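Be aware that the sequence shown starts at 3, since it is given in this note's numbering, and climbs by one per residue. Ideal placement from N, C-alpha and C gives every residue a C-beta, glycine not left out. Treat the numbers as computed from the prediction; the structure is a model and nothing was measured.
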Amino acid sequence: MSGTESPAARLQALFEGHRLTPTQRRIAHSMVRRAADVPFLSSVELAELAGVSQPSVTRFAVALGFDGYPALRRHLREVAPAEPAADTGSHNEYQQAVEAEIENLRHLAEVLADPGPVRRAGRVLAESRPLPVLGLRAAAAQAHGFAYFAAKVHPDVRLLNEGGTMLLDRIDAAVRAGASALLCFALPRHPREVLDALVHAKEAGLTVVTVADSPFAPVAKVSDLLLPAAVGTALVFDTACAPMLLGRVLLEAMCDDLPDAQARLEEFDTRAAARGLFVE
């Protein structure tokens, strides 16, 4: 692991190649989100952070090839030395939620230091005609936002933001119309219906690109290309600034592979001006 990588990137590299249980993926996700603090946490503190039992943390360390959690923590202090995160104890709960979301955005910026995955995803989505965009429950707003803007530059975007018995039919219809890829936004809590839909999409021959809250999210195993962006968990309901921003970045990458994207935008602006659509 390169010393120039962020603590979060070094942690993700440590977890790669290991078959983790759902509980272990939860621990891994919590460690990545708090990468700067993890080398200083006890097994009990990490268990509380991840919402699991202390023995689960010990089993997780063993699954990674260490004798126990103390050995894992010593390893982390050696390969990812870092000072504990700045104390935010004087901040109120709302400020702490904002600070946590800012940290999620910083982590996303570090991930995007390698633009290759996003560029590949943008190319795959640009080539799909039509382009189905899936997002259910908590992720429905993310899918709707992407589809709204994508429709301005892509000739055929099909929003799939409602579940039910017709969801698979709509995926099949997209395939019959020529679709080659599907974009999915997947956020906690992950609906089983999304997993089933992605399995169906892959069986139908679609390339599945997924924006998810973690590389260890349940949808990872049914995605061809997963782009991670953490959600905030400090409030009663999760916050999803990083997934939303990643969706816009992916939209930018897709525009780069749509040769007539600029012409479509200019055409829309001309029509909008003629209709007086916006207040100047």
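Residue pairing from DSSP places residue 234 in a beta bridge opposite 241.
When rounded, the separation of the alpha-carbon atoms in residue 45 and residue 210 is 36 Å. By the neighbour-count criterion, in which a residue is buried when 16 or more other Cβ atoms sit within 10 angstroms of its Cβ, residue 265 is exposed.
Here residue 281 carries a coil assignment [DSSP, helix/strand/coil].
For the 9 Å CB-CB criterion, residue 200 and residue 238 do not form a contact.
With a 10 Å radius around the Cβ and a threshold of 16 neighbouring Cβ atoms, residue 92 comes out exposed.
Inter-residue distance for residue 180 and residue 21 is about 35 Å (C-alpha atoms, whole angstroms).
The three-state reading of DSSP puts residue 134 in strand, counting E and B together.
Secondary structure in the stretch 149-207: the beta strand (DSSP E) runs of 3 residues or longer, each lying completely within the stretch, are 159-162, 183-188 in chain order. In this structure the stretch 118-127 does not lie against the stretch 162-179, because fewer than three pairs of beta carbons, one per stretch, are closer than 8 Å. No Cβ-Cβ contact shorter than 9 Å links residue 186 with residue 155. When beta bridges are read from the DSSP output, residue 214 appears opposite 188, 230. In this structure, residue 245 sits near residue 215, with a CB-CB distance shorter than 9 Å.
Boundaries of the alpha helix (DSSP H) around residue 120: 118-129. Out of 60, 240, 9, the CA that lies nearest to the CA of residue 72 is found in 60. Nearest Cα to residue 65 within the set 29, 243, 41, 37: 29. Straight through space, the alpha carbons of residue 204 and residue 133 are spaced by roughly 14 Å. Residue pairing by DSSP places residue 209 opposite 183 in a beta bridge.
Counting of Cβ neighbours within 10 angstroms places residue 94 among the exposed residues, the total staying below 16.
A distance below 7 Å between beta-carbons, with the five flanking residues on each side excluded, links residue 141 to the following residues of its chain, in chain order: 187, 188, 189. Taking a C-beta distance under 9 Å as the contact criterion, residue 110 and residue 227 do not qualify as a contact pair. The closest CA to that of residue 9, considering only 105, 277, 281, 256, is found on 105. For residue 14, the closest C-alpha among the options 255, 184, 55, 112 is that of 112. Distances from the CA of residue 151 to each of 240, 253, 38, 76 were compared; the closest alpha carbon is that of 253.
In this chain, the alpha helix (DSSP H) harbouring residue 47 covers 45-52. Annotation for residue 23: no alpha helix (DSSP H) segment contains it, and DSSP assigns it neither H nor E.
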